[in-house]
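Visitor: Would you mind keeping the following structure in view while I ask a few things?
Numbering (our numbering), first residue to last: 10 to 182.
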């Protein structure tokens, strides 16, 4: 399994966590129930801690890292899209970070936030609940509709099911 102790810090996992064989999870990392870490992703809890919430998915080729004094805290039912970089920040429950986005140190993203693909959220930015953020640098475009907010859990739900399938159906040939 691609889990590594670092400097006497061990990765902690709850039931139902799935980690792809090519992912690397290192050091002070806590993975809550039903979370999934996909192919090629690196979670490096060497400088500070990383906490990944329940039913959260971190998709292929993401990098999650910290700096001293900047832990990563990812809420429940969050989707982190392919190739995203999440560094020393907080992401609220039920949010979606789009493909190839970058979230930098000290950023605080609220609940029910959609960060569009290829967005850059610069250091220390505070994003309130329930908004759409686009661009580089990221800016708030509008509030999400209630229908859009209601749709957000579907992304994480699909990955919980997909992880269950991988847990039982994946075999190396």
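All C-beta atoms, glycine included, are put in the ideal place defined by N, C-alpha and C.
For the region 91-135, list the beta strand (DSSP E) runs that are entirely contained and at least 3 residues long, ordered along the chain.
Guide: 94-96
Visitor: Apply the 10 Å Cβ neighbour rule to residue 68 and answer buried if 16 or more other Cβ atoms are within range, or exposed otherwise.
Guide: Numbered from 1 along the chain shown, position 59 holds the residue referred to as residue 68. Buried.
Visitor: Taking the CB atoms as reference points, tell me whether residue 161 and residue 121 lie closer together than 8 angstroms.
Guide: The sequence position of residue 161 within the chain shown is 152, counting from 1. The sequence position of residue 121 within the chain shown is 112, counting from 1. Yes, these two residues count as a Cβ contact at 8 angstroms.
Visitor: CB residue 128 to CB residue 154, shorter than 8 angstroms?
Guide: Translated into the one-based positions of the chain shown, residue 128 becomes position 119. Translated into the one-based positions of the chain shown, residue 154 becomes position 145. Against a cut-off of 8 angstroms, the Cβ pair of residue 154 and residue 128 comes out as no contact.
Visitor: Spell out a yes or no on whether the region 127-141 and the region 163-182 are touching, meaning 3 or more CB-CB pairs, one atom from each, closer than 8 angstroms.
Guide: Because the criterion of three Cβ pairs below 8 angstroms is not met, the region 127-141 and the region 163-182 do not touch.
Visitor: Can you tell me which of the three DSSP states residue 20 falls into?
Guide: Indexing the chain shown from 1 puts residue 20 at position 11. Of the three classes helix, strand and coil, the one that applies to residue 20 here is coil, per DSSP.
Visitor: Would you decide whether residue 22 is buried or exposed? Buried here means 16 or more other CB atoms lie within 10 Å of its CB.
Guide: Position 13 of the chain shown, counting from 1, holds the residue named residue 22. Flag for residue 22 reads buried.
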